[in-house]
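Trainee: Dropping the structure in here first, questions after.
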Amino acid sequence: MFGLVVAAFIASATPTASLAQSVPALERTAGACTSCAPDGWTISTPSPDVIVGNGPWPGGTWVVSDLAGGPREGSTLLMTLAGGSIREAVTATITGLTPGGSYELSVYYQGATLSSSAGTYVNGDFRVTVAGTTADFPTSSGDAWSEAVVPFTASGTTASVILSIRDLGTGTFGGFVAADDISVRSTIPDADGDGDPDATDCAPGDPTIF
Numbered sequence: 707m708f709g710l711v712v713a714a715f716i717a718s719a720t721p722t723a724s725l726a727q728s729v730p731a732l733e734r735t736a737g738a739c740t741s742c743a744p745d746g747w748t749i750s751t752p753s754p755d756v757i758v759g760n761g762p763w764p765g766g767t768w769v770v771s772d773l774a775g776g777p778r779e780g781s782t783l784l785m786t787l788a789g790g791s792i793r794e795a796v797t798a799t800i801t802g803l804t805p806g807g808s809y810e811l812s813v814y815y816q817g818a819t820l821s822s823s824a825g826t827y828v829n830g831d832f833r834v835t836v837a838g839t840t841a842d843f844p845t846s847s848g849d850a851w852s853e854a855v856v857p858f859t860a861s862g863t864t865a866s867v868i869l870s871i872r873d874l875g876t877g878t879f880g881g882f883v884a885a886d887d888i889s890v891r892s893t894i895p896d897a898d899g900d901g902d903p904d905a906t907d908c909a910p911g912d913p914t915i916f
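Quick note: our numbering has the sequence shown finishing at residue 916, numbered continuously throughout.
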């Protein structure tokens, strides 16, 4: 009996890691595609694509250019176009949030060009909407990856995020913005990264919770 009590105490005292906030990467393991979204994302407004960088567009005779540096993370990136009244977009769910907590969504973006003998899609404003907060970020020809940061307050344990293009850019047909390398971070001090703010953490600096 004593052995069972000791075993139960040891089991209850074993540290367990806290679940941190997360958002799906802008990666597609199956590679480039048209009218699709990265793994863990869904199409919000038709019809975004997933590409690998400069070169032939996966859907035909169009060519992608003016993308500096290729994907920032993994081997693919998100491609959104704007033409006419269409603003291509994808959406996903951020998980592991603390209600009332303060966070920042970070995602990298840049303008690019999609061209054919028929015309072009060039640049435009990148639009990020997270937990109901929307922010726009301009692009220009020859730019490199830039970080878009959008602060938000969690109303629950999850929040939605939408990545899209806001305007028609400067192409003859419309705009083209690429995105990659997305993450979410808490803006409340958490020295050990265990998801428990320093103000309430019984052991700040120790990345385990008892």
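Beta carbons are placed, not taken as given, at the ideal position from N, Cα and C, and that holds for glycine. Predicted model only: the values in this text are computed from it and were never measured.
Between which two residues does the beta strand (DSSP E) carrying Ala798 extend?
Mentor: Taking the first residue of the sequence shown as position 1, residue 798 is located at position 92. Ala798 -> beta strand (DSSP E) spans Ala795 to Ile800.
Trainee: Go through its chain and collect everything with a Cβ distance to Gly775's Cβ below 7 Å, but skip five positions before and after it.
Mentor: On the sequence shown, position 69 is the one that residue 775 refers to. The residues are Ala850 and Trp851.
Trainee: Candidates Cys908, Ala885, Gly848 and Thr893: which alpha carbon is nearest Leu783's?
Mentor: Counted from its first residue, the sequence shown places residue 783 at position 77. Nearest option by C-alpha distance: Ala885.
Trainee: Round the Cβ separation of Leu811 and Val890 to the nearest angstrom and send it over; I've been treating them as touching at under 8 Å.
Mentor: As a first step, residue 811 is located in the sequence shown; it is residue number 105 there, counting from the start. As a first step, residue 890 is located in the sequence shown; it is residue number 184 there, counting from the start. About 5 Å separates the two Cβ atoms, so the contact holds.
Trainee: Report the option in Gly759, Arg833 and Ser781 whose CA atom is closest to the CA atom of Pro844.
Mentor: Mapped onto the sequence shown, residue 844 falls at position 138. When only C-alpha atoms are compared, the closest one is Arg833.
Trainee: Following the continuous beta strand (DSSP E) through Glu810, name the residue where it begins and the one where it ends.
Mentor: Here residue 810 is taken as the residue at index 104 of the sequence shown, counted from 1. Where Glu810 is concerned, the enclosing beta strand (DSSP E) stretches over Ser808 to Gly817.
Trainee: Can you tell me which of the three DSSP states Phe668 falls into?
Mentor: There is no way to answer for residue 668, as the model of the chain reaches only from 707 to 916.
Trainee: From the DSSP output, read off the bridge partner residues of Leu869.
Mentor: As a first step, residue 869 must be located in the sequence shown, where it is residue number 163. DSSP, once it has assigned bridges, lists Val796 and Val834 as partnering Leu869.
Trainee: Please report how far the alpha carbon of Ser822 lies from the alpha carbon of Phe882, in whole angstroms.
Mentor: Position 116 of the sequence shown, counting from 1, holds the residue named residue 822. Position 176 of the sequence shown, counting from 1, holds the residue named residue 882. Going from the Cα of Ser822 to the Cα of Phe882 covers about 14 Å.
Trainee: According to DSSP, which residues form a beta bridge with Ala841?
Mentor: On the sequence shown, position 135 is the one that residue 841 refers to. For Ala841, which the question treats as bridged, DSSP gives the partners Val834.
Trainee: In whole angstroms, give me the CA-to-CA distance for Leu803 and Tyr809.
Mentor: In the sequence shown, residue 803 corresponds to position 97, counting from 1. In the sequence shown, residue 809 corresponds to position 103, counting from 1. One C-alpha to the other measures close to 9 Å.
Trainee: Across which residues does DSSP place Pro762 in a beta bridge pair?
Mentor: Locating residue 762 in the sequence shown gives position 56, counting from the first residue. DSSP output for Pro762 lists Val769 as bridge partner(s).
Trainee: Taking the continuous beta strand (DSSP E) assigned at Pro857, which residues delimit it?
Mentor: Locating residue 857 in the sequence shown gives position 151, counting from the first residue. Counting along the chain, the beta strand (DSSP E) containing Pro857 begins and ends at Ser852 to Thr859.
Trainee: Taking all protein chains shown into account, decide if Cys742 is buried (16 or more other Cβ within 10 angstroms of its Cβ) or exposed.
Mentor: Stepping through the sequence shown from its first residue, residue 742 is reached at position 36. Buried: at least 16 other Cβ atoms inside 10 Å.
Trainee: Can you tell me whether Ala884 is helix, strand or coil according to DSSP?
Mentor: Taking the sequence shown and counting its residues from 1, one reaches residue 884 at position 178. Reduced to three states, the DSSP call for Ala884 is strand.
Trainee: Excluding five sequence neighbours on each side, which residues of the same chain lie with their C-beta closer than 8 Å to the C-beta of Thr893?
Mentor: Here residue 893 corresponds to residue number 187 of the sequence shown, with the count starting at 1. Only Ser808, Tyr809, Glu810 and Pro857 meet the Cβ criterion.
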